[in-house]
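Asker:
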Amino acid sequence: MQFNDAQLRAITSEKELILVSAGAGSGKTRVLTERFIHLCELRLQDPDHPVGATVDEMVAITFTEKAAREMKDRIRKRLAEKEKEAQSKTEQNFWFEQKEAMERANISTFHSFCQRLLSQYAMAADLIPHSRVMDDVQARGRKRTILKLMFEEKEFHEMALPFLLIMSKKQLGETIEQLHNHIRELIVGEEAIDNLETEKMLDIQRQAKEKNQGKLVQQFHEKARNCIHAFPPLEDLTKAQRGHVEKILDGFEHLSPPSDPNEYMEKVASFMPSRSDKRWAEKAPALYELYTEHWKPLKDSWKLIGGEINVTDEVKQFMDRFLVLLKEFSSRYENEKKLGGLLDFSDLQQKAVALLDNHSIKEACKRQFRHMMVDEFQDTNKLQLEMLERIEPVYQFIVGDQKQSIYRFRGANVSLMNEREELAEKSSNGEVILMNQNYRTTAPVIEAVNELFSHAMTDVRTHSFETVYAPLEPNRAGEQEEEKRVELMIVEKDEEGETTSYDLLANRIIEMVETKSPHVNQDDTWLEPRFGHMAILIPARSHLLTLERALLNKNIPYVVNGGVGFFERQEILDYITLLKWLNRPFEELHLLAVLRSPMCGLTVDELIYMKRQLEENESFYQLVYDENHKAFDSLSSRIQEVCHKISRWLNQWTPFRTEPSLEHTLSDIFSTTGLRTSLMLQTNGLQKVRNVEKLIQTIVDERQVNLEMILMELDDRIALSDKEGESEVERVDGDFVQIMTVHASKGLEFPIVFLPQLERSIQGDKGTIRFDHELGIVMNLEEEAADLDENSHLYQTPGFELVKETANAEAKEEAKRLFYVAMTRARDYLYMIGEDSNTADTWLSMTRNALEQTNLASKVNILEDVLEKEPILREPKTYPIPQLVERKEVSLTLSVSEIMLFMKDPVAYYKRYVLGLPDLFEKEEEVIQRGMNIDATFLGTLVHRACELRDNGLRNEAAIREALREEEEQGADVSSYEHEMSTLMNSYTDDRKQQLGETVESEWSFVTTIEGVDVIGEIDKVTKRDGAFHIIDFKTNRIRQSGKELFQYYWSQLYLYQIAYEQETDHTIETMSLFVFRDQVNPVHQLQKKAEEEEAVRKAVRTLRQLRSQNAGKADYEAIQF
134 MQFNDAQLRA
144 ITSEKELILV
154 SAGAGSGKTR
164 VLTERFIHLC
174 ELRLQDPDHP
184 VGATVDEMVA
194 ITFTEKAARE
204 MKDRIRKRLA
214 EKEKEAQSKT
224 EQNFWFEQKE
234 AMERANISTF
244 HSFCQRLLSQ
254 YAMAADLIPH
264 SRVMDDVQAR
274 GRKRTILKLM
284 FEEKEFHEMA
294 LPFLLIMSKK
304 QLGETIEQLH
314 NHIRELIVGE
324 EAIDNLETEK
334 MLDIQRQAKE
344 KNQGKLVQQF
354 HEKARNCIHA
364 FPPLEDLTKA
374 QRGHVEKILD
384 GFEHLSPPSD
394 PNEYMEKVAS
404 FMPSRSDKRW
414 AEKAPALYEL
424 YTEHWKPLKD
434 SWKLIGGEIN
444 VTDEVKQFMD
454 RFLVLLKEFS
464 SRYENEKKLG
474 GLLDFSDLQQ
484 KAVALLDNHS
494 IKEACKRQFR
504 HMMVDEFQDT
514 NKLQLEMLER
524 IEPVYQFIVG
534 DQKQSIYRFR
544 GANVSLMNER
554 EELAEKSSNG
564 EVILMNQNYR
574 TTAPVIEAVN
584 ELFSHAMTDV
594 RTHSFETVYA
604 PLEPNRAGEQ
614 EEEKRVELMI
624 VEKDEEGETT
634 SYDLLANRII
644 EMVETKSPHV
654 NQDDTWLEPR
664 FGHMAILIPA
674 RSHLLTLERA
684 LLNKNIPYVV
694 NGGVGFFERQ
704 EILDYITLLK
714 WLNRPFEELH
724 LLAVLRSPMC
734 GLTVDELIYM
744 KRQLEENESF
754 YQLVYDENHK
764 AFDSLSSRIQ
774 EVCHKISRWL
784 NQWTPFRTEP
794 SLEHTLSDIF
804 STTGLRTSLM
814 LQTNGLQKVR
824 NVEKLIQTIV
834 DERQVNLEMI
844 LMELDDRIAL
854 SDKEGESEVE
864 RVDGDFVQIM
874 TVHASKGLEF
884 PIVFLPQLER
894 SIQGDKGTIR
904 FDHELGIVMN
914 LEEEAADLDE
924 NSHLYQTPGF
934 ELVKETANAE
944 AKEEAKRLFY
954 VAMTRARDYL
964 YMIGEDSNTA
974 DTWLSMTRNA
984 LEQTNLASKV
994 NILEDVLEKE
1004 PILREPKTYP
1014 IPQLVERKEV
1024 SLTLSVSEIM
1034 LFMKDPVAYY
1044 KRYVLGLPDL
1054 FEKEEEVIQR
1064 GMNIDATFLG
1074 TLVHRACELR
1084 DNGLRNEAAI
1094 REALREEEEQ
1104 GADVSSYEHE
1114 MSTLMNSYTD
1124 DRKQQLGETV
1134 ESEWSFVTTI
1144 EGVDVIGEID
1154 KVTKRDGAFH
1164 IIDFKTNRIR
1174 QSGKELFQYY
1184 WSQLYLYQIA
1194 YEQETDHTIE
1204 TMSLFVFRDQ
1214 VNPVHQLQKK
1224 AEEEEAVRKA
1234 VRTLRQLRSQ
1244 NAGKADYEAI
1254 QF
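Here my numbering is used: the first residue of the sequence shown is 134, the next is one more, and so on.
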């Protein structure tokens, strides 16, 4: 592998504190992976090397589960490569041991690391056995319930009354919840809220305000002195200018250095001009600077933070009341968690930090975790840093980019990385490495980025939250020399709203596609642009509909990534619709929704026809559920079939039952209604099925069995869920323009990026009651006057304006970083557009200032206009003259298991899939699995995953633990599975793995047409041995003597798999085998292929298709014999 000098230093440095400032696209993930390997290599070469380490001695922390998985996979792959390259048996064994250790490696998010630490020392952490971690939505739901009950109690309602004259009950509740969350994330110690005291906080705020007043006037005094010394001679000034200068000189001559800030301000105001004059800039520039840059800003600030510092009794009472409400809420929430054995994410961090107060545990952690590596350190909060500091690992390797710190709203604090950087610079055993060579973005774009942000960001930090800009070094050249690959368009605001900036953006997209320019680079080849190369990154979703309308008007294909929340996905809505109908089957709204859904598929016209058949006072359900209704025979056979089907579902699942389990019932609804099958046939079908399965698991985890309560809790969860998740973005393949927020795009890249809304104002912090980690609770409450001629009443603590001023400054700084992240997502070309505006601190104002004061103009094409484009025309199609033809039946879709059941017992198939009765074949399968007090399907899933890990080089025990751990991290209870898995996996030896051949496919899902039927299924394993392909189907069923017994159930399944794989891949399957894990003597059983058996399967499919198309009855199925 080739690394540049900075990357190599980061990989090999032996300093105890290393901070890597890694710019966008600089290859930090490769560096982290390679440092992990390098430390292992040092240990291999010299077991006594002070820096060398094994996998067990290292911790790698990142900020998403996805990033942790990817890092783990990268490291595991590199370890396998090192094992393969080993020159001796000793080396090979070492790398093999490190690879095996990866299944228990501490590579995770901060929360997962805390959870593991707490599990390891559960007794010391005073945790209830089997404590469960709530997700954010569950925690929020409990908090809202507690607040609702609190405000219903007389004592706390009266306590809240003064606040309810100023804000709504909902606003007060949200404020209490937000401050509770904020304090738990900012302050170390689980008693932080209980320790808050009104007088103490107000006293700290008084002192801070006095200090700030003194600091401001002192700074002004020094700057004013400098300006006075630069005043021009009086004879060079006009009479008016001379009068101002003389007055100022006289005033400062008799003015002492500020001791009382308010007295000082009063004296200065007596001799300073009341306003400025632009002519001063030419004749008396020092006078102009004194007024505009120093005096006016101070005078404006003084209106907010000046004056005598007095705290009224009313303010104290508001503080006291709020503390009572906050502490009561906190106490109730903590008690509820204890009673339920629950933890939230803040608990994981707080309790892990508290655990490290125990000296012996701290020393054990310090010995165990000699190296701690933290990725994305710019997103760290105070608690996470505290944990790192309390463990005190010998070696800290910190990677991040202050310029990409954009999650302040989640508690991320860029100051922590800035302070860590200063610590590393000052430490004799520390090192700061600047890794700023960019491998992602083409040079012309990087040059524009450097020009803009070298000006917008600072080069010397004066506040801890400021960002020092280090220019990126481009590694990729443009297509041509001296070309510009950044466009800027500033448009006049259309007051009539006829043409928006989004319309111009849409025109530019079409122009790029039509003119086939600019080119984009793919695998070192410059290609013509298409829609799939483009992404529109928006700062917020507020104008998303306007953007979508502009694209739709031009027929531009697009997809909104992250725009649809989990609970807004169509497959989720369809499943919830089913549950709501089952809960209230006679409500017309729910019944019509099911009839229109994919499971029934009735058209609007068909529903209108049905409605017309009803008498005036009749309800819709009376026709649907009653085949004896006088109008039923007038319905088409298609509508009648739908009515029969929905009636069967109603009889099967109402009243709602949870035997044998809630999960079984919910899964049965998913499968039997056909929703699962219909999803599998759609684009991204497997993902959609997994989404519904995730919903089912979410419902099961709530441990509620009453359907009404299930739906109420589901509604609460939907209401509390965020519209857009920021962690993992689902990228949609195809020729679509991608739309997503800038936050969601972090870590991604696109050939062409469009940035609209440059003129958008910065969204500062809001809230009339806030918390600051130094000043405590601050508030600014305004009560409206009772009468029109009275003034409103303001209740403000001394520290509110200080906190607000700091928050606004931090928000402005973060806006710069968000702009930087947005621009550096562009790989080959960047287009920026905004409406003309004079608003300060916007992306547009930053760009304009850079255009005026740097060389940015030479790096950017400034567009005056974009040609109006016609909507995209799709490929014209020639249609023949319509002919009347017989309507074709919709293709029948069957699962492999359905066909197997039909061949085994046609009547059982009829009862299960036509009448909707319980699945007899599943009952027989349960007999085979009898005696196992575990879920046989889940066991099979775990064994399949363990086999996959075995194929990747892990030993049996390691593969089993890793498979269990992965499911455990997803919230599954796996405590009873390890012994059973160990027994089964004993059959999957290295020799037998080799006997099976090289894995070609694992869990290969298919939809293929067999004898006119769409068949869906999933093959466990396809291997290649001696140049031929083989199908392996894993079975964990119990057996009596030999695995061959299972052929009587599964021979037809193997033939269906063979037909599907051969049709879909054009590869010939040579053998088909069952791998029966419970057959310890010989688990591999090969089916002897016979042409007549394959034909029997095909004939069964044809027969079943015919029966289903004819709506055959029970007698027809009874007549079938195989």
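Positions of the beta carbon are idealized from the N, C-alpha and C atoms, including for glycine.
Tell me whether valine 1214 is buried or exposed, calling it buried when 16 or more other Cβ atoms sit within 10 Å of its Cβ.
Answerer: With fewer than 16 Cβ atoms within 10 Å of its Cβ, valine 1214 is classed as exposed.
Asker: Taking only runs of the beta strand (DSSP E) that begin and end inside the stretch 591 to 668, which ones reach a length of at least 3 residues, in chain order?
Answerer: 606 to 609, 619 to 624, 653 to 655, 658 to 660, all fully within the stretch 591 to 668.
Asker: Mind checking which residues open and close the alpha helix (DSSP H) that includes methionine 1036?
Answerer: 1029 to 1037 is the span of the alpha helix (DSSP H), which, as asked, contains methionine 1036.
Asker: Rounded to whole angstroms, what is the Cα-Cα separation between histidine 762 and histidine 1163?
Answerer: One C-alpha to the other measures close to 56 Å.
Asker: Who are the Cβ neighbours of glycine 306 in its own chain at under 6 Å, not counting the five residues just before and after it?
Answerer: Leu280, listed in sequence order.
Asker: So serine 154 packs on valine 565, CB below 8 Å; how close in whole Å?
Answerer: Right, the Cβ-Cβ distance comes to about 7 Å (below 8 Å), so this counts as a contact.
Asker: Within 10 angstroms of its Cβ, does histidine 313 collect 16 or more other Cβ (buried), or is it exposed?
Answerer: Buried: at least 16 other Cβ atoms inside 10 Å.
Asker: Kindly indicate which residue of Asp453, Asp905, Val401, Glu509 has the alpha-carbon position closest to the one of threonine 195.
Answerer: Here the closest residue by C-alpha is Glu509.
Asker: Measuring alpha carbon to alpha carbon, tell me which of Leu1129, Ser1108, Lys1177, Leu935 ends up nearest isoleucine 438.
Answerer: Nearest option by C-alpha distance: Leu935.
Asker: If lysine 495 sits next to arginine 454, beta carbons under 8 Å apart, how far is it from one beta carbon to the other, in whole angstroms?
Answerer: No, lysine 495 and arginine 454 are not in contact; Cβ-Cβ is about 40 Å, not under 8 Å.
Asker: Leaving out the 5 sequence neighbours to the left and right, which residues in its chain are closer than 8 Å to tryptophan 659 when beta-carbon positions are compared?
Answerer: Closer than 8 Å at the Cβ level, and outside the excluded window around tryptophan 659, lie Glu612, His652, Val653.
Asker: Name the residue from His377, Asp801, Tyr1043 whose alpha carbon lies nearest to the alpha carbon of alanine 1248.
Answerer: Answer by Cα proximity: Tyr1043.
Asker: Let me make sure I understand the geometry here. Which of Ser730, Leu725, Arg702, Gly734 has the alpha-carbon closest to that of lysine 744?
Answerer: Ranking Ser730, Leu725, Arg702, Gly734 by Cα distance to lysine 744 puts Leu725 first.
Asker: So, with DSSP's three-state summary, where would you put glycine 185?
Answerer: Three-state result, glycine 185: coil.
Asker: Could you say which of Thr1169, Glu1003, Phe933, Asp327 lies nearest to alanine 1079 if we only look at CA atoms?
Answerer: Of the candidates Thr1169, Glu1003, Phe933, Asp327, the one whose C-alpha sits nearest the C-alpha of alanine 1079 is Thr1169.
Asker: What's the C-alpha gap between threonine 633 and lysine 484?
Answerer: Taking the straight line joining both Cα atoms gives about 52 Å.
Asker: Quick one: give me the first and last residue of the beta strand (DSSP E) that leucine 951 is part of.
Answerer: Not the beta strand (DSSP E): leucine 951 falls in the alpha helix (DSSP H), residues 933 to 956.
Asker: Three-state secondary structure (DSSP) at asparagine 824?
Answerer: Residue state, collapsed to three classes: helix.
Asker: Ignoring anything shorter than 4 residues, give me the alpha helix (DSSP H) runs that lie fully in the stretch 464 to 497, in order along the chain.
Answerer: Taking only runs of at least 4 residues, the alpha helix (DSSP H) segments lying wholly in the stretch 464 to 497 are 478 to 488.
Asker: Any idea what DSSP makes of glutamine 1243, helix, strand or coil?
Answerer: In this structure, glutamine 1243 counts as coil in the three-state DSSP scheme.
Asker: For tyrosine 1012, which three-state DSSP category applies?
Answerer: Residue confidence for tyrosine 1012 is low, a pLDDT of 48 falling below 50, so the modelled location carries little weight and cannot support an answer.
Asker: Could you give the distance in angstroms between the alpha-carbon of tyrosine 928 and the alpha-carbon of tyrosine 953?
Answerer: Approximately 39 Å, taken between the alpha carbons.
Asker: What are the uninterrupted segments assigned as alpha helix (DSSP H) that are 4 or more residues long and contained completely in the stretch 242 to 270, given in chain order?
Answerer: Counting only runs of 4 or more, we get 243 to 253.
Asker: Judging by CA-CA distance, which residue of Leu799, Gln517, His290 is the nearest neighbour of glutamate 461?
Answerer: The shortest Cα separation from glutamate 461 among Leu799, Gln517, His290 belongs to His290.
Asker: If the criterion is Cβ atoms closer than 8 Å, does the pair methionine 979 and leucine 621 meet it?
Answerer: No.
Asker: Helix or strand or just coil, what does DSSP make of proline 884?
Answerer: Three-state DSSP puts proline 884 in a strand.
Asker: Could you name the residues that DSSP lists as bridge partners for isoleucine 531?
Answerer: The partner list for isoleucine 531 (beta bridge, DSSP) reads Leu152, Val507.
Asker: DSSP three-state call for valine 401: helix, strand or coil?
Answerer: Helix.
Asker: Measure the C-alpha to C-alpha separation of glutamate 324 and glutamine 231 and round it to an integer number of angstroms.
Answerer: Rounded to whole angstroms, glutamate 324 to glutamine 231 spans 42 Å at the Cα level.
Asker: Measure the alpha-carbon distance for threonine 787 versus leucine 715 and round it to whole angstroms.
Answerer: Distance between the alpha carbons of threonine 787 and leucine 715 is about 7 Å.
Asker: For valine 619 versus leucine 963, is the C-beta spacing smaller than 8 Å?
Answerer: Result yes, Cβ atoms of valine 619 and leucine 963 sit closer than 8 Å.
Asker: With a threshold of 8 Å, are at least 3 pairs of Cβ atoms found where one atom belongs to the stretch 990 to 1007 and the other to the stretch 636 to 643?
Answerer: Taking 8 Å as the limit for Cβ pairs, the verdict is that the stretch 636 to 643 does touch the stretch 990 to 1007.
Asker: Buried or exposed for asparagine 345, going by 16 or more other Cβ atoms inside 10 Å?
Answerer: Asparagine 345 should be labelled buried.
Asker: Could you tell me whether the Cβ atoms of phenylalanine 887 and methionine 667 are closer together than 8 Å?
Answerer: Closer than 8 Å, so yes.
Asker: Considering only C-alpha positions, which residue in the set Arg893, Ala990, Ala1041 is nearest to glutamate 968?
Answerer: Of the candidates Arg893, Ala990, Ala1041, the one whose C-alpha sits nearest the C-alpha of glutamate 968 is Arg893.
Asker: Using 8 Å as the threshold, is the stretch 1148 to 1161 in touch with the stretch 1123 to 1138, meaning 3 or more CB pairs across them?
Answerer: Yes, since at least three Cβ pairs between the stretch 1148 to 1161 and the stretch 1123 to 1138 fall closer than 8 Å, the two stretches touch.
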